[in-house]
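Q:
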Amino acid sequence: MDDIVVGPLDLAARVDEALAVQALAFGLTPEEVGVRRHIVLRHLTCPGARALGATTAEGRLVGFVYGMPNDRTHWWSTVVEPYLRANGCDGWLDNAFVITELHVHPGFQNRRIGRTLITGITATAQEPRSILSAIDRESPARALYRKLGYRDLARHVVFPSAASPYAVMGAPLPLLS
1 MDDIVVGPLD LAARVDEALA VQALAFGLTP EEVGVRRHIV LRHLTCPGAR
51 ALGATTAEGR LVGFVYGMPN DRTHWWSTVV EPYLRANGCD GWLDNAFVIT
101 ELHVHPGFQN RRIGRTLITG ITATAQEPRS ILSAIDRESP ARALYRKLGY
151 RDLARHVVFP SAASPYAVMG APLPLLS
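Heads up: the sequence shown begins at 1 in the numbering used here, then just goes up one per residue.
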């Protein structure tokens, strides 16, 4: 990671670069990228929303994370709340910092960039815990989240129009190192 710098990111100004990384990392179609562009820009207007980016020495964005304090009225919360409630975990939606997106360009994965991004953004959170959703299958991302202290709060969470079910995970802050 010596040649990668992680720091604050003006995500609104670099949204297209960030979504290009997400499209590669997550396999998004151009149509999905267009929809997500509007979502990201709307999220950035929420109180406390912030982002970090990972850039090369030349300034190329190769990873990003963004999140915000959770609000139970946001769409994501309304979808996951019944699943969390069924497991007795809906209290995790209160006073939590949500990791909305975390993506690293495939050519730069396995270099601790994702770990640095998520620990960096949660280190400044005022909330005592963090929550996120991840595709509900074993993956390097889920393994990383577990190493950082996240645990499954609900599984088989179905988001409208998502091809795969998700897991909602939560961790006390600060994250494990």
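C-beta atoms are modelled at their ideal positions from N, C-alpha and C, and glycine is treated no differently.
1) In this structure, how does DSSP classify residue 167 when only helix, strand and coil are distinguished?
2) Where does the unbroken beta strand (DSSP E) through residue 72 begin, and where does it stop?
3) Assuming residue 64 contacts residue 49 under a Cβ cut-off of 8 Å, what Cβ separation, rounded to an integer in Å, is found between them?
4) Smallest Cα separation from residue 89: which of 107, 153, 30, 13?
5) At 4 residues or longer, and completely inside the region 19-94: list those alpha helix (DSSP H) runs for me, N to C.
6) Looking at residue 67: is its Cβ nearer than 8 Å to the Cβ of residue 4?
7) Taking only three categories from DSSP, how would you classify residue 108?
8) Please name the residue, chosen from 25, 7, 59, that lies closest to residue 51 on a Cα-to-Cα basis.
9) Whose C-alpha, out of 140, 177, 136, is nearest the C-alpha of residue 159?
10) Taking all protein chains shown into account, decide if residue 76 is buried (16 or more other Cβ within 10 angstroms of its Cβ) or exposed.
11) Under 8 Å, do residue 42 and residue 19 count as touching if we go by C-beta distance?
A: In brief:
1) Within the sequence shown, the letter at position 167 stands for residue 167. Three-state DSSP puts residue 167 in a strand.
2) Residue 72 sits at position 72 when you count from the first residue of the sequence shown. Here residue 72 belongs to no beta strand (DSSP E), and DSSP marks it neither H nor E.
3) For the purposes of this step, residue 64 is taken as residue 64 along the sequence shown, with counting starting at 1. For the purposes of this step, residue 49 is taken as residue 49 along the sequence shown, with counting starting at 1. Actually they are not in contact, since the Cβ atoms of residue 64 and residue 49 sit about 13 Å apart, beyond 8 Å.
4) Translated into the one-based positions of the sequence shown, residue 89 becomes position 89. Closest by alpha carbon: 153.
5) 30-43, 75-86
6) Within the sequence shown, the letter at position 67 stands for residue 67. Within the sequence shown, the letter at position 4 stands for residue 4. Result no, Cβ atoms of residue 67 and residue 4 do not sit closer than 8 Å.
7) For the purposes of this step, residue 108 is identified with residue 108 of the sequence shown, where counting begins at 1. Residue 108: helix per DSSP, three-state reduction.
8) Along the sequence shown, read from residue 1 onward, the residue named residue 51 stands at position 51. Among 25, 7, 59, the Cα nearest to that of residue 51 is on 7.
9) Position 159 of the sequence shown, counted from the first residue, corresponds to residue 159. Its Cα nearest to that of residue 159, the residue 136 stands out among 140, 177, 136.
10) Indexing the sequence shown from 1 puts residue 76 at position 76. With 16 or more other Cβ atoms within 10 Å, it is buried.
11) Position 42 of the sequence shown, counted from the first residue, corresponds to residue 42. Position 19 of the sequence shown, counted from the first residue, corresponds to residue 19. No, the pair does not count as a contact, with Cβ atoms beyond the cut-off.
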